[in-house]
Each structure stands twice: as C-alpha cells, then as structure tokens.
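Peer 1:
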Amino acid sequence: MAIIMWIRIILLLAACMLPLSVEAMVRHYKFNVVLKNVTRLCSTKPIVTVNGKFPGPTIYAREDDTVLVKVVNHVKYNVSIHWHGVRQLRTGWADGPAYITQCPIQPGQVFVYNFTLTGQRGTLWWHAHILWLRSTLHGALVILPKLGVPYPFPKPNAEKVILLSEWWKSDTEAIIKEALKSGLAPNVSDAHTINGHPGSVQQCASQGGYKLQVHAGNTYLLRIINAALNEELFFKIAGHEFTVVEVDAVYTKPFKTNTIVIAPGQTTNVLLKANRATGKYLVAATPFMDSPIAVDNVTATATLHYADSLSSTITTLTSLPPKNATPVATTFTDSLRSLNSKNYPARVPIKVDHSLFFTVSLGVNPCPTCVNGSRVVAAINNVTFVMPKVSLLQAHFFNISGVFTDDFPRKPTVVYDFTGTQQPANLRTNRGTRVYRLPYNSTVQLVLQDTGMITPENHPIHLHGFNFFVVGRGQGNFNPKRDTKKFNLVDPVERNTVGVPSGGWTAIRFRADNPGVWFMHCHLEIHTTWGLKMAFVVDNGEGPNESLLPPPSDLPKC
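In terms of UniProt numbering, the sequence shown opens at residue 1 and continues consecutively.
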C-alpha cells in the first residue's frame with residue numbers, strides 16, 4: 001500500500017513538472033554558410049546561402065524558448081547574423097551586427113548564437129549584418145505562443161511565410177564595391193521576389209513563380225516579411241482582403257485592407273480568407289517610392305491557387321498602386337494600433353527622461369578618388385557614423401578606450417527649415433564613432449525628422465534591442481508645442497522598425513531596460529553603408545539581473 005502511495009505521489013509530481021519542461025525548450029539549429037548556384041531571370045550566379053537554401057531556413061520556436069544557432073562560415077566573406085526584432089535581454093553578444101556587438105565570423109570559423117525569446121511571440125526574421133550579404137542570406141523566425149495560449153484572433157487553418165526580397169543578376173558585393181569606389185549610388189535591383197521567385201517577367205517569361213496553395217473556406221495566417229535591401233513594397237492579392245493582426249511580432253487591433261505597405265526590416269501578419277470557390281489569383285509585390293529616386297520597377301508575381309483548379313484556368317489580375325501612392329501608404333500606417341488588451345497591454349512611457357531630436361539626411365563629402373571628386377553619404381544629426389575596428393560592445397564591456405566617444409548630439413547642432421526648399425549650401429557631414437549613453441531603465445522620446453538635403457525620402461529606422469511605441473507622425477517640420485499635444489499615448493503601434501515619412505517626422509518612445517550597446521540605423525542598406533547609423537549605450541542597472549552578461553567563450557575575434 002505504501003509503495004502504491006509513493007508511486008501516486010511521484011506521478012503527481014511528474015504531472016506538475018511536465019508543463020515546466022514543455023513550456024521552455026532549447027531549440028538547436030545549425031547554419032552552414034555556403035555558396036550555391038541559383039538561377040533567376042534566366043541567368044545563374046553563385047550566392048551566399050544558409051544550408052544551400054534561398055530564402056534560408058525558417059527557425060521555429062515558442063515564446064520563452066532558448067535558441068542556439070551554430071553558424072559555420074564556409075565562404076570567403078566575413079559573416080555575422082542578426083536576429084531582427086529579438087530583444088536579446090542582457091545577451092547583446094548574440095545580437096549580430098558586425099563591429100557593433102561582435103567581430104564577424106571569419107572564413108572557416110564557428111560561432112554559436114545563444115538567446116532566449118523572453119516575452120515575445122510572432123513573426124521576426126534573421127539576416128546577415130555585414131556587407132550586402134543579407135540580399136540572399138536571410139530567413140524567417142517564427143515564434144509561436146506558449147503551448148495552450150491561443151492567438152487573440154480566430155485560429156487559422158494553416159500558416160504561410162511570405163518573404164519579399166530583391167534580386168540582382170550581378171554579384172551584390174561587386175555592385176556596392178563599385179558604388180563606393182565611384183562615390184555614386186549603386187545600381188537598382190533587376191527584380192523583386194516572393195519566396196525567392198520573381199515570377200514571370202518580360203526578360204524571362206518561362207520562369208515560374210511561387211504558388212500559394214489554398215482550400216476554399218479556409219483561413220490562412222500569412223507571415224509577411226520585407227527582406228529587400230533598399231525598397232519599400234506594396235503587397236496585394238487579387239480579389240481578396242487582408243485582416244492585419246500583428247506587426248513586428250506585436251499584436252494589433254485588427255483592421256481590413258486590400259493593400260499592405262511594408263518597409264525593409266518590417267513584418268506584417270494578416271489573416272486571409274479563401275472565400276472564392278475556385279480559381280487562380282495574382283499575388284503581387286511592387287515598390288513604394290514617393291521621392292524622385294530610382295527604384296526597381298519590376299513587379300514580383302506569384303499565384304494564389306485554389307485546390308482543384310485547372311492549370312489552364314486564367315489568373316485573375318488586380319490593379320496595383322502607382323509607386324508614388326502616398327495616400328495608400330499613409331492610410332495603412334495610420335490604421336495601425338496596439339491591441340492594448342488585458343493580456344497584451346501597451347506600456348507606453350508617460351514620463352520622459354531623455355527627449356531627443358535626430359535629423360536623418362543625405363550629404364556629400366569630398367573624395368579625391370571618386371568620379372566627381374565627392375561621394376554621397378548619409379547622417380544622423382549630421383554625423384556620418386564610422387565603423388570601428390573592434391566591436392563597440394567589447395569596448396564598452398572591457399573599458400577599451402579610443403574606440404568610441406559618448407558625445408552623440410541629442411539635437412542638431414545647426415537648426416534650419418529641415419523640409420523647406422532652401423537647404424544649406426554646405427552638404428558636408430561630420431564623421432565619427434559616436435554613441436548616446438542612457439542610464440538603465442530611463443525613458444526616451446526620440447523624434448526622427450526627415451530633411452530635404454539632396455532629396456527628402458522615407459527612411460525605415462530600425463532600433464536593435466528594443467521595441468518602441470510610435471506615438472506620432474506628421475508632415476513638415478516637427479513642432480513640439482503643437483504636435484506633442486496630438487501624441488497617441490493610449491494604444492500606439494509597437495514595433496522595432498518604423499518609417500520616417502518623406503518630408504516629415506516620426507516620434508517614438510521606449511524604456512531603456514536592456515543593458516548593452518544597441519545599433520540604430522536606416523534599414524535601406526545603401527543608407528546604412530553611407531553612414532546613416534548610430535548606437536545607444538545602456539549602462540547596467542543594479543545587480544546581476546539588470547546587467548549585461550559576460551561574453552561567450554567562442555565570441556569571434558577581430
């Protein structure tokens with residue numbers, strides 16, 4: 001009898017402990033970075049891939065899981081991988097941007113990225129964060145809710161990852177190298193892609209596109225990611241409507257739309273109802289650009305294919321927004337609101353400790369060896385960021401002097417009519433490796449102001465290590481007295497990458513509750529290359545739980 005009682009107690013204890021072991025798993029992945037010959041647009045070239053796949057493999061995990069990714073570099077380039085949107089609480093060493101949080105993984109070397117998905121669920125992604133390798137070195141990161149926790153929207157019948165990107169016939173590393181040598185802008189891409197395929201284009205009509213297979217009556221959760229290097233995109237499916245339920249791995253108040261606008265670095269989850277009986281419907285991704293800047297005008301196409309539809313069925317087409325359809329983009333952006341429910345509250349900072357004002361702009365600096373004796377650059381508060389030779393995080397953690405200064409200006413040193421027609425005659429910028437220091441747990445309001453230097457342009461700004469709330473946006477110059485009164489401090493959208501509108505401004509707020517060094521940059525890759533970037537240093541708080549962990553033993557060396 002005593003034995004039976006003990007068996008019951010052991011079984012009861014095991015049952016109680018089971019959810020703990022199931023809820024937080026350790027997920028292991030191996031990324032072999034290798035060259036792979038890939039044919040697109042009827043021409044073949046070698047590209048840098050993970051495990052020979054383009055797009056790369058999807059990482060699946062659940063909220064609070066720990067993810068270990070062993071990256072083995074088999075190519076001639078230095079490599080680093082960024083886990084875009086992962087908070088990396090106290091684990092900045094695993095964030096990935098080369099020379100910011102780590103030295104890159106050199107050819108033949110190995111590094112294990114080790115991070116926990118604390119309190120996060122939704123669609124994020126991973127990509128190379130050095131050179132222009134992310135043009136092909138990227139993939140999805142899908143974080144499912146904890147077991148037993150439902151979505152705050154009707155459960156879909158199935159889920160699909162939709163990765164939007166760009167494709168160049170030439171080697172992208174050669175393209176940016178030539179652009180930097182000449183001082184001019186690089187060539188635009190030759191096509192856009194949907195899950196790695198451009199679809200049928202004029203120069204290569206025989207090449208098929210991606211097929212999105214659906215069954216009539218089912219609802220699908222589409223996890224849409226813009227992995228393009230330099231272009232914002234509209235996304236549309238003929239004859240169907242989307243219900244937006246999440247952006248950047250944060251739930252939103254649902255709203256309906258037939259067109260999505262998505263900037264490089266951003267993710268958008270939508271519900272799609274397959275409410276047609278049968279047929280084939282055009283899926284399209286086309287550029288959004290409302291400034292006089294050259295873009296790739298080739299529309300990427302795929303097909304929404306209902307089960308049992310004949311292959312001979314004519315595809316239903318759709319009208320696409322013109323590339324300068326600002327009202328379409330603005331309507332979409334203005335519709336985004338945080339869910340702000342009991343389970344998913346919007347904890348918007350009300351009190352502000354640091355009020356910052358950053359201009360984002362282009363410029364021109366002297367370059368004796370360039371074509372016109374000058375080169376195009378980019379800057380924040382007229383500071384063109386200079387990449388260090390060792391990582392900023394190592395310099396911060398080990399107190400290495402001479403790597404950076406913590407005097408990044410909190411506002412522009414020269415104030416003028418930022419979006420007016422009369423821009424400064426002097427387009428030169430200052431150069432430096434300068435950061436802005438924040439005490440642990442301080443609150444920040446940052447106004448990002450576009451300028452008309454050379455030309456106004458929409459800049460998707462990504463902040464590593466944090467989510468932030470987009471409390472306001474507008475056209476023209478930010479007016480603190482007038483515009484602050486209109487801020488949404490109740491349910492503003494929460495995200496990690498936000499568009500600063502062409503000729504306008506965006507205001508964000510966040511709490512600096514993550515010690516380390518955190519990169520902030522434009523996610524148009526050419527602007528990052530030109531220097532539109534900076535970093536925040538967040539000091540340790542009190543005790544080990546508010547302090548950066550020491551570096552892993554296998555951290556790559558410069």
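For every residue, glycine included, the Cβ atom is placed at its ideal position computed from N, Cα and C.
Quick caveat, the model's predicted, so the values are computed rather than measured.
1) Could you check whether A277 and A216 sit closer than 7 angstroms to each other, using their CB atoms as the reference points?
2) My guess is that D353 and T443 are in contact by the Cβ rule of under 8 angstroms, so how many angstroms apart are they, rounded?
3) How many angstroms separate the CA atom of G531 from the CA atom of D491?
4) For the ligand NAD, I want to know if N195 counts as a neighbour, meaning its beta carbon is within less than 6 angstroms of at least one of the ligand's heavy atoms.
5) Taking the continuous alpha helix (DSSP H) assigned at W530, which residues delimit it?
6) On the CB-based measure, 16 or more other CB atoms within 10 Å of its CB, does L317 come out buried or exposed?
7) Could you give the C-beta distance for T101 and L549, rounded to a whole number, given that I count them as a contact under 8 angstroms?
8) Within the same chain, show all residues whose beta-carbon is closer than 6 angstroms to that of T299, passing over the 5 residues directly before and after it, in chain order.
9) Identify whether Y416 lies in helix, strand or coil by the three-state DSSP scheme.
10) Is the separation between the beta-carbon of P152 and that of Y220 shorter than 7 angstroms?
11) According to the Cβ coordinates, are A191 and V261 closer than 7 angstroms?
12) Rounding to the nearest angstrom, what Cα-Cα distance links S374 and E159 in this structure?
13) Does D296 pass the burial test, meaning 16 or more other C-beta atoms within 10 Å, or should it be called exposed?
14) Contact defined as beta carbons within less than 8 angstroms: I believe F358 pairs with L438. What is the distance between those atoms, to the nearest angstrom?
15) Strictly by DSSP, which residues pair up with M505?
16) According to the neighbour-count rule (16 or more other Cβ atoms, all chains shown, within 10 Å of its Cβ), is N381 buried or exposed?
17) Which runs of the beta strand (DSSP E), 3 residues or longer, sit entirely within the UniProt domain "Plastocyanin-like" (160-307)?
18) Note the first and the last residue of the continuous alpha helix (DSSP H) segment covering A395.
19) Hey, how far is the Cα of A512 from the Cα of L222?
20) Return the CA-CA distance between N365 and V377, expressed in angstroms with no decimal places.
21) Suppose the cutoff is 6 angstroms on Cβ atoms and the five residues either side in sequence are ignored; what does the same chain contact list for G543 look like?
22) For the beta strand (DSSP E) that P460 lies in, which residues bound it at each end?
23) Have a look at C558 and R337 and give me their C-alpha separation to the nearest angstrom.
24) When you compare only the Cα positions, how much space is there between W518 and D308?
25) Under 6 angstroms Cβ to Cβ from N488, same chain only, skipping five residues before and after it: list those, please.
26) Under 7 angstroms, do F536 and Y440 count as touching if we go by C-beta distance?
27) Quick one: what's got a C-beta closer than 8 angstroms to N540's C-beta in the same chain, skipping five residues either side?
28) T172: which of I526, L163, F418, Y60 sits nearest, CA to CA?
29) How would you call S21, buried or exposed, if buried means at least 16 neighbouring beta carbons within 10 angstroms?
30) Quick one: grab the DSSP three-state call for L89.
31) Suppose contacts are defined by Cβ-Cβ distances below 7 angstroms. Is L304 in contact with L233 by that definition?
32) For chain D, is any of its Cβ atoms less than 7 angstroms away from the one on N458?
33) Quick one: is A425 buried, meaning 16 or more other Cβ sit within 10 Å of its Cβ, or exposed?
34) Please identify the residue among V26, I175, G56, F468 whose C-alpha is closest to the C-alpha of I350.
35) In the DSSP assignment, what residue or residues form a beta bridge with C367?
36) Could you check how far apart the C-beta atoms of A249 and L124 are, in whole angstroms? I think they sit under 8 angstroms.
Peer 2: Taking the coordinates as given:
1) As a first step, residue 216 must be located in the sequence shown, where it is residue number 216. As a first step, residue 277 must be located in the sequence shown, where it is residue number 277. Against a cut-off of 7 angstroms, the Cβ pair of A277 and A216 comes out as a contact.
2) As a working mapping, residue 353 is identified with position 353 in the sequence shown. As a working mapping, residue 443 is identified with position 443 in the sequence shown. Right, the Cβ-Cβ distance comes to about 5 angstroms (below 8 angstroms), so this counts as a contact.
3) Locating residue 531 in the sequence shown gives position 531, where the first residue counts as 1. Locating residue 491 in the sequence shown gives position 491, where the first residue counts as 1. Straight-line Cα distance between these residues: approximately 33 angstroms.
4) No copy of the ligand NAD appears in this structure; indeed no ligand is present at all.
5) The count along the sequence shown starts at 1 and reaches residue 530 at position 530. Note, W530: alpha helix (DSSP H), 525-530.
6) Locating residue 317 in the sequence shown gives position 317, where the first residue counts as 1. By the 10 Å Cβ count, L317 comes out exposed.
7) Stepping through the sequence shown from its first residue, residue 101 is reached at position 101. Stepping through the sequence shown from its first residue, residue 549 is reached at position 549. Your pair T101 and L549 does not check out as a contact, with CB atoms roughly 12 angstroms apart and the cut at 8 angstroms.
8) For the purposes of this step, residue 299 is taken as the residue at position 299 of the sequence shown. So the list reads A284, T286, once near-sequence residues are dropped.
9) For the purposes of this step, residue 416 is taken as the residue at position 416 of the sequence shown. Looking at Y416 - three-state DSSP - the assignment turns out to be coil, as it is neither helix nor strand.
10) On the sequence shown, position 152 is the one that residue 152 refers to. On the sequence shown, position 220 is the one that residue 220 refers to. For P152 and Y220, no; Cβs fall outside 7 angstroms.
11) The count along the sequence shown starts at 1 and reaches residue 191 at position 191. The count along the sequence shown starts at 1 and reaches residue 261 at position 261. Result no, Cβ atoms of A191 and V261 do not sit closer than 7 angstroms.
12) Translated into positions along the sequence shown, residue 374 becomes position 374. Translated into positions along the sequence shown, residue 159 becomes position 159. Using only the alpha carbons, I get a separation of about 49 angstroms.
13) Translated into positions along the sequence shown, residue 296 becomes position 296. D296 comes out buried.
14) Here residue 358 is taken as the residue at index 358 of the sequence shown, counted from 1. Here residue 438 is taken as the residue at index 438 of the sequence shown, counted from 1. Not quite, the Cβ-Cβ distance comes to about 14 angstroms (not below 8 angstroms), so this is no contact.
15) Residue numbering aside, residue 505 sits at position 505 when the sequence shown is read from its first letter. In the sequence under discussion, the amino acid at residue 505 is Trp, which differs from the Met named in the question. Q449, G474.
16) Against the sequence shown, residue 381 aligns to sequence position 381. In summary, N381 is buried, with 16 or more beta-carbon neighbours lying within 10 Å of its beta-carbon over all protein chains present.
17) Runs of the beta strand (DSSP E) lying entirely within the UniProt domain "Plastocyanin-like" (160-307) and spanning at least 3 residues, in chain order: 191-194, 211-214, 219-226, 232-237, 242-247, 250-257, 260-262, 267-273, 280-288, 300-306.
18) Stepping through the sequence shown from its first residue, residue 395 is reached at position 395. For A395, the uninterrupted alpha helix (DSSP H) segment begins and ends at 392-397.
19) Sequence index remark: in the sequence shown, residue 512 carries index 512 (1-based). Sequence index remark: in the sequence shown, residue 222 carries index 222 (1-based). Taking the straight line from one Cα to the other gives about 32 angstroms.
20) Taking the sequence shown and counting its residues from 1, one reaches residue 365 at position 365. Taking the sequence shown and counting its residues from 1, one reaches residue 377 at position 377. For N365 and V377, the gap between their C-alpha atoms comes out near 7 angstroms.
21) Counted from its first residue, the sequence shown places residue 543 at position 543. Cβ neighbours of G543 beyond the five flanking positions: none.
22) The residue labelled residue 460 in the question sits at position 460 within the sequence shown. From DSSP, the beta strand (DSSP E) with P460 extends over 459-463.
23) Counting from 1 along the sequence shown, the entry for residue 558 is found at position 558. Counting from 1 along the sequence shown, the entry for residue 337 is found at position 337. In a straight line, the C-alpha of C558 is about 43 angstroms away from that of R337.
24) The sequence position of residue 518 within the sequence shown is 518, counting from 1. The sequence position of residue 308 within the sequence shown is 308, counting from 1. D308 has its alpha-carbon roughly 50 angstroms from the corresponding atom of W518.
25) On the sequence shown, position 488 is the one that residue 488 refers to. The residues are V471.
26) Counting from one through the sequence shown, the residue named residue 536 turns up at place 536. Counting from one through the sequence shown, the residue named residue 440 turns up at place 440. Contact: no.
27) As a working note, residue 540 is residue 540 in the sequence shown. Hits under 8 angstroms: Y440, P515, E546, S547, L548.
28) Here residue 172 refers to the residue found at position 172 of the sequence shown. The shortest C-alpha to C-alpha distance from T172 to any of I526, L163, F418, Y60 is the one to I526.
29) The residue given as residue 21 occupies position 21 in the sequence shown. Residue confidence for S21 is low, a pLDDT of 42 falling below 50, so the modelled location carries little weight and cannot support an answer.
30) Reading the sequence shown from its first residue, position 89 is the one you call residue 89. It is coil, neither helix nor strand.
31) Start at 1 with the first residue of the sequence shown, and residue 304 comes out as number 304. Start at 1 with the first residue of the sequence shown, and residue 233 comes out as number 233. Not a contact, by the Cβ cut-off of 7 angstroms.
32) In summary, chain D is missing from the structure at hand, where a single protein chain is found.
33) One-based indexing of the sequence shown puts residue 425 at position 425. Sixteen is the threshold: since fewer than 16 other Cβ atoms of the shown chains lie within 10 Å of the Cβ of A425, the residue is exposed.
34) On the sequence shown, residue 350 is found 350 positions in, with the first residue counted as 1. Taking the Cα of I350 as reference, the smallest distance to any Cα among V26, I175, G56, F468 is reached at F468.
35) The residue labelled residue 367 in the question sits at position 367 within the sequence shown. C367 pairs with nothing; no bridge assigned.
36) The residue labelled residue 249 in the question sits at position 249 within the sequence shown. The residue labelled residue 124 in the question sits at position 124 within the sequence shown. With 8 angstroms as the limit, A249 and L124 qualify as a contact, their Cβ atoms being about 5 angstroms apart.
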